[in-house]
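For what it's worth, this note's numbering labels the leading residue of the sequence shown as 1, then goes sequentially.
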Amino acid sequence: MSDSSLAERGDRSEEQVSGAEVVAQALKTQGVEYMFGIVGIPVTEIAVAAQGLGIRYIGMRNEQAACYAASAIGYLTGRPLLVIGGSSERSQETMGAFQEFPQVEACRLYSKFSARPSSIEAIPSLIEKAVRSSIYGCPGACYVDIPADFVNLQVNANSIKYVECCMPPPVSMAETSAVCMAASVLRNAKQPLLIIGKGAAYAHAEESIGKLVEQCKLPFLPTPMGKGVVPDNHPNCVSAARSRALQFADVIVLFGARLNWILHFGLPPRYQPDVKFIQVDIRAEELGNNVRPAVALLGDINAVTKQLLEQFDKTPWQYPPESTWWKTLREKMKSNEAASKELASKISLPMNYYTVFYHIQERLPRDCVVVSEGANTMDIGRTVLQNYLPRHRLDAGTFGTMGVGLGFAIAAAIVAKDRNPEQRVICVEGDSAFGFSGMEVETICRYNLPIILLVVNNNGIYQGVDAGTWKEMLNFGETATVAPPLSLLPNSHYEQVMTAFGGKGYFVQTPEELQKSLRQSLADTTQPSLINIMIEPQATRKAQDFHWLTRSNI
Ligand SMILES: Cc1ncc(C[n+]2csc(CCOP(=O)(O)OP(=O)(O)O)c2C)c(N)n1
Ligand SMILES: [Mg+2]
């Protein structure tokens with residue numbers, strides 16, 4: 001039989017495929033759209049095979065940034081992170097092979113599923129399991145190990161059976177009696193509060209939670225990544241009276257928000273000792289952490305919120321808008337907002353954080369994605385920069401990991417390019433935070449992603465010193481002995497990192513220069529830009545009733 005008639009009949013008995021092609025096809029079958037990485041021996045062929053199938057491959061400058069980018073894609077698209085690592089050849093195991101390391105064991109601690117396929121034929125089902133594990137239940141990263149000798153090994157194409165794309169995660173609901181109890185606890189609340197966490201954003205619960213807020217007229221507070229599930233400028237958002245709201249609430253409903261350090265563990269003195277928590281979470285292990293909840297609602301946050309809404313549809317209830325609680329919260333919000341405004345209106349130079357963020361906020365497009373990292377930069381920025389839409393903020397989060405910003409911004413810009421080309425990505429970086437993955441500016445320029453990077457430059461970690469002080473200080477001894485560990489080189493021209501790769505750079509010192517550079521970079525959709533914003537090196541946060549999020553200063 002001739003080759004052509006074999007092909008016509010679709011007979012693939014002679015056809016060979018490589019391990020790399022099988023990995024790529026299995027990923028494609030599971031709906032993977034984007035791959036981030038750095039290639040080298042032995043995984044280059046996997047990236048090439050993936051590109052051949054239409055999976056987008058984005059080559060990064062550092063694996064950490066690649067992982068941050070992929071994890072942000074997971075958050076934005078609902079398809080969490082799958083890490084694929086090349087490992088040494090199986091035949092050389094325990095012999096001291098090139099880069100031999102117990103990768104599967106090492107990753108087990110940090111992932112929901114970590115495994116190496118036993119053969120090329122086993123790759124598709126293993127990848128299906130890894131993708132499924134990453135999105136079912138509480139989402140999380142999974143690891144698949146591909147030994148070097150698998151990559152180029154050829155096998156008969158007929159021997160490979162691809163596994164259908166896994167089904168979307170099944171939706172779970174809370175027990176009806178628990179839902180009734182939660183509704184009754186809420187109805188009896190004197191000083192209620194809803195806390196909207198990242199879990200709510202991930203669960204796409206914006207419509208149902210928004211409805212609950214509106215229908216029952218309840219005050220709400222977003223966690224950093226919960227910002228935008230209900231718009232920050234909603235009249236029921238009490239972010240500006242955060243400490244007060246937490247401290248005096250008698251019933252708190254947590255929607256996908258953990259009682260970890262960000263929420264002060266749910267304990268006094270930040271809370272009333274007898275505050276009743278209603279926890280809504282997809283992860284059973286979260287329920288009861290640090291505080292015994294009054295009601296635990298286990299399930300998909302969107303589905304459970306709808307269950308709660310049903311209760312309030314059956315027997316309507318509204319928290320009275322004229323209550324003393326609302327009055328107290330409104331007064332506190334007013335005085336806190338006035339204090340921030342006063343700081344923002346300071347015209348002295350160098351600028352302070354509040355002035356900088358006030359001007360940025362004035363110009364931000366409503367639907368932009370805000371990425372942020374740093375300590376003061378992130379914490380103060382979060383209070384001033386508003387989010388109006390869910391999943392439009394990506395920051396260093398609970399771990400406070402510096403270095404995530406550029407990877408997150410790259411992921412957001414890639415998703416925007418495909419799904420919402422008009423959308424802008426604004427990445428607000430502390431000068432120290434920027435240094436962790438600054439070389440990804442080259443990646444940004446290579447893929448021509450019109451990200452606007454803002455480096456809030458105070459010459460250091462939390463704070464630095466001015467050029468004059470730095471120079472004087474060096475008279476006292478060698479730099480390693482006399483320079484404060486928090487200091488970085490004063491007046492660094494970070495914008496030149498951007499111009500080095502062909503993007504646009506701005507060095508700004510005044511509000512006017514800041515406004516102009518923002519206007520220009522927002523108008524320019526053809527290239528990325530970096531605005532290096534010089535601020536007072538000793539600028540800090542306004543006085544707080546309680547320090548919150550100051551752990552990121554550790
Ligand atoms: C991976 C990692 N390393 C170190 C730290 C400690 N750390 C916390 S915030 C921060 C940088 C803060 O400085 P900057 O980004 O300039 O923001 P600023 O507070 O000066 O505005 C560092 C290094 C961390 N959180 N994560
Ligand atoms: Mg700094």
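Glycine is no exception: its CB is placed at the ideal position from the N, C-alpha and C atoms. These numbers come from a predicted model, not from an experiment.
Residues of its chain near residue i, where Cβ-Cβ distance is below 8 Å and the 5 sequence neighbours each way are ignored
i: D466; result: N459, P490, P537
i: L488; result: D431, S432, G435, N459, G460, I461, G464
i: E342; result: none
i: F312; result: A183, L212, Q215, C216
i: P528; result: V441, I444, C445, N448, L449, P450, I451, I452, L453, M498, G503, K504
i: Q309; result: The sequence shown places Leu at residue 309, not Gln. Excluding positions up to five away in sequence, the list reads S208, K211, L212, Q215.
Residue of the options minimising C-alpha distance to residue i
i: C165; options: V155, P124, K190; result: P124
i: Q279; options: E442, L76, A174, M473; result: A174
i: Y57; options: F501, T499, A411; result: A411
i: P511; options: R419, F408, A396, E362; result: E362
i: I414; options: A200, E33, E513, E15; result: E33
i: I452; options: V425, R446, S372, Q463; result: V425
i: P170; options: R132, A141, F255; result: R132
i: I574; options: G52, S348, E63; result: Given that the chain is displayed from residue 1 to residue 554, the structure contains no residue 574 and the question cannot be resolved.
i: P224; options: L474, D418, E422, G199; result: G199
i: F36; options: Q30, V22, Q51; result: Q51
i: Q247; options: A409, H204, V229, D274; result: D274
i: L153; options: L53, L530, L109, S18; result: S18
i: C526; options: F476, Q509, Q496, Q423; result: In the sequence as displayed, the identity of residue 526 is Thr instead of Cys. Nearest C-alpha to T526: Q423.
i: V563; options: S111, G299, Y110, A115; result: This structure cannot settle anything about residue 563, because the visible part of the chain is limited to 1 through 554.
i: S208; options: R419, M181, T305, P147; result: T305
i: P320; options: A409, L186, E373, A205; result: L186
i: A396; options: E373, A539, M167; result: E373
i: A178; options: S88, A500, L298; result: L298
i: G78; options: V43, D281, R391; result: R391
i: R258; options: A249, G288, F501, K276; result: G288
i: I347; options: I84, E206, Q509; result: Q509
Neighbour-count burial assignment, residue i, 16 or more Cβ in a 10 Å radius
i: L82; result: buried
i: N302; result: buried
i: E214; result: exposed
i: S5; result: Any reading at S5 needs caution, since the residue's pLDDT is 45, under 50, leaving its predicted position unreliable; the model's value is listed next. Exposed, since its Cβ has fewer than 16 Cβ neighbours within 10 Å.
i: T324; result: exposed
i: V482; result: exposed
i: P102; result: exposed
i: Y68; result: buried
i: D574; result: Absent from the model: residue 574. The displayed extent of the chain is 1 to 554, so no value can be given.
i: T94; result: exposed
i: T377; result: buried
i: Y143; result: buried
i: S88; result: buried
i: R614; result: This structure gives no information on residue 614, because the portion of the chain shown stretches from 1 to 554.
i: L109; result: exposed
i: G74; result: buried
i: P222; result: buried
Coarse secondary structure for residue i, derived from DSSP in three states
i: G381; result: helix
i: S4; result: With a pLDDT of only 46 at S4, under 50, the local geometry of the prediction cannot be trusted, and no value is derived from it.
i: K129; result: helix
i: G266; result: helix
i: C67; result: helix
i: F357; result: helix
i: S563; result: The chain is shown only over 1 to 554; residue 563 falls outside these bounds and no answer can be derived.
i: R424; result: coil
i: G210; result: helix
i: E21; result: helix
i: N459; result: coil
i: A178; result: helix
i: M351; result: strand
i: Q16; result: strand
i: P192; result: strand
i: S172; result: coil
i: R283; result: coil
Nonlocal neighbours in the same chain, by C-beta distance under 6 Å from residue i, ignoring five residues either side
i: L194; result: L218, F220, V253
i: V455; result: E429, D431, F434, Y494, N532
i: A20; result: E45, I46, A49, V151
i: K227; result: N387, R393
i: S172; result: G299, D300
i: Q16; result: Q154
Contact set for residue i: own chain, Cβ-Cβ below 7 Å, skip 5 residues either direction
i: T398; result: N260, I262
i: L535; result: Per the sequence shown, the amino acid found at residue 535 is Ile instead of Leu. Correct list, in chain order: P350, M351, N352, Y353, V356, V456, N457, N458.
i: L486; result: G460, I461, Y462, Q463, G464
Evaluate contact between the stretch 357-371 and the stretch 263-270, counting only Cβ atoms and requiring at least three cross-stretch pairs below 8 Å. Counting C-beta pairs closer than 8 Å gives fewer than three between the stretch 357-371 and the stretch 263-270, which falls short of the contact rule.
For the structure I just gave you, are there three or more beta carbon pairs, one from the stretch 377-388 and one from the stretch 232-239, closer than 8 Å? Contact between the stretch 377-388 and the stretch 232-239 is present: 3 or more CB-CB pairs across the two stretches fall below 8 Å.
Whether or not the stretch 516-524 and the stretch 435-444 are in contact is what I'm after, with contact meaning three or more pairs of Cβ atoms, one per stretch, closer than 8 Å; do they touch? No contact exists between the stretch 435-444 and the stretch 516-524.
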